[in-house]
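A.B. asks: Under the working numbering, the first residue of the sequence shown carries the number 1, and numbering increases by one thereafter.
Got a structure for you, written out below as structure tokens; questions coming shortly.
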Amino acid sequence: MDTTNININVDSDLKDKAQPVFDALGIDLSTAVNILLRIAVYQQETLANYLNKIPTLAQKKDRRAAFGCLKGMICVPSDFNEPLDDFKEYMQ
């Protein structure tokens, strides 16, 4: 089997979190990426269905909240203004 080198950019925090997982499985990151690529090849339909469920950046930007969609979900405590009352004399 011929091999080729690829360079990928990965979030450093993600890499740091994934490394112990693969270490526990006894595989290195290169092997893990190979496994992911093989899964993508063998399960194209499943992977495509999964990726289609993830909203794209453009879809996220188009999403707008409907007026009143958070009604009843945000509560302001009755003592909300108390800290402001303490500073009234300084603000005048």
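All C-beta atoms in this analysis are idealised placements derived from N, C-alpha and C, irrespective of residue type, glycine included.
Who are the Cβ neighbours of F22 in its own chain at under 8 Å, not counting the five residues just before and after it?
C.D. replies: Taking the first residue of the sequence shown as position 1, residue 22 is located at position 22. So the list reads D28, L29, T31 and A32, once near-sequence residues are dropped.
A.B. asks: Would you identify the three-state DSSP class for L11, choosing helix, strand or coil?
C.D. replies: Here the question's residue 11 lines up with position 11 in the sequence shown. Position check: residue 11 holds Asp in this sequence, whereas Leu was assumed. Three-state result, D11: coil.
A.B. asks: Does V76 come out as helix, strand or coil in the three-state DSSP assignment?
C.D. replies: Within the sequence shown, the letter at position 76 stands for residue 76. In the structure shown, V76 sits in coil (DSSP, three-state: anything other than H, G, I, E or B).
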